[in-house]
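Asks: What follows is a structure written as structure tokens; I'll ask about it next.
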Amino acid sequence: MVSDQSAGYSHSGQKYQLLIFDWDGTLVQLSGRLFEGVKPVLQSLSEQGYDLAVATGMSRRGLNQDLRNLALTELFPVTRTADETFSKPHPLMLEEIVTDYDTCVEAALMVGDTEYDLQMAANAGMDSLAVSYGVHTAERLLKQRPQGLIEQFAQLPAWLNNLNKQIDK
């Protein structure tokens, strides 16, 4: 199920420029491997001009090691970890990323697999997209009223393209 505005919230009308991802459960499985399709989708989004970032409850050391091991360091020039700022659901992590990219929260989308990811986005005044293949169930995620829900990471480009078409109308 790919859901647009699945919980009744409408998008601000501005296209997203900055995509911020949770790490564990969104991009990476508990085994430390990427979920299917993550790397090519991220590369494609970067090539399309999207800015990419990570906001995670991990440590800086752990995230840096994962980024190197998975050859993703170049795709994420801006990242925030729980040991260098407030942890989720406090909004500071997202606010710092938005500031680093010199953009606004309306142009950013938080993609996550837990209610804490989505609460952090809401606390920052930022839109969110839930992924149902991670830690929390779709039912639990939808209670946070994200802009949408995807069941596979590979559905993200289609979700973004559909939203952009709606905005262009």
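Terminal number for the sequence shown in our numbering: 153, no gaps in between.
Here a beta-carbon is modelled for each residue, glycine too, at the ideal position from N, C-alpha and C.
Bear in mind the structure is a predicted one, so any value in this text is a computation, not a measurement.
(1) Cα-Cα, which of 143, 101, 68 and 90 is closest to residue 8?
(2) With C-beta atoms as the reference, is residue 6 less than 8 Å away from residue 37?
(3) How would you write the range of the beta strand (DSSP E) that residue 154 sits in, first residue to last?
(4) Out of curiosity, what's the CA-to-CA distance linking residue 11 and residue 33?
(5) If you run the structure through DSSP and keep just helix, strand and coil, what is residue 137?
(6) First and last residue of the alpha helix (DSSP H) that includes residue 6?
(7) Which runs of the alpha helix (DSSP H) fall wholly inside the region 67 to 107 and span at least 4 residues, in chain order?
(8) Leaving aside the five residues before and after residue 51 along the sequence, list all residues of the same chain whose C-beta is less than 6 Å from its C-beta, in chain order.
(9) By alpha-carbon positions, which one of 68, 126 and 127 ends up nearest to residue 45?
Replies: The structure says:
(1) As a first step, residue 8 is located in the sequence shown; it is residue number 24 there, counting from the start. Of the listed residues, the one whose Cα sits closest to residue 8 is 101.
(2) Mapped onto the sequence shown, residue 6 falls at position 22. Mapped onto the sequence shown, residue 37 falls at position 53. No, the Cβ-Cβ distance between residue 6 and residue 37 is not below 8 Å.
(3) Because the chain in this structure spans residues -15 to 153, residue 154 falls outside the shown range and cannot be described.
(4) Your numbering for residue 11 matches position 27 in the sequence shown. Your numbering for residue 33 matches position 49 in the sequence shown. Their Cα atoms are separated by approximately 19 Å.
(5) In the sequence shown, the residue the question calls residue 137 occupies position 153. Three-state DSSP puts residue 137 in a helix.
(6) The count along the sequence shown starts at 1 and reaches residue 6 at position 22. Per DSSP, residue 6 lies in no alpha helix (DSSP H) segment and is marked neither H nor E.
(7) 76 to 84
(8) As a working mapping, residue 51 is identified with position 67 in the sequence shown. Cβ within range, chain order: 57.
(9) For the purposes of this step, residue 45 is taken as the residue at position 61 of the sequence shown. The residue with the shortest Cα to Cα distance from residue 45 is 68.
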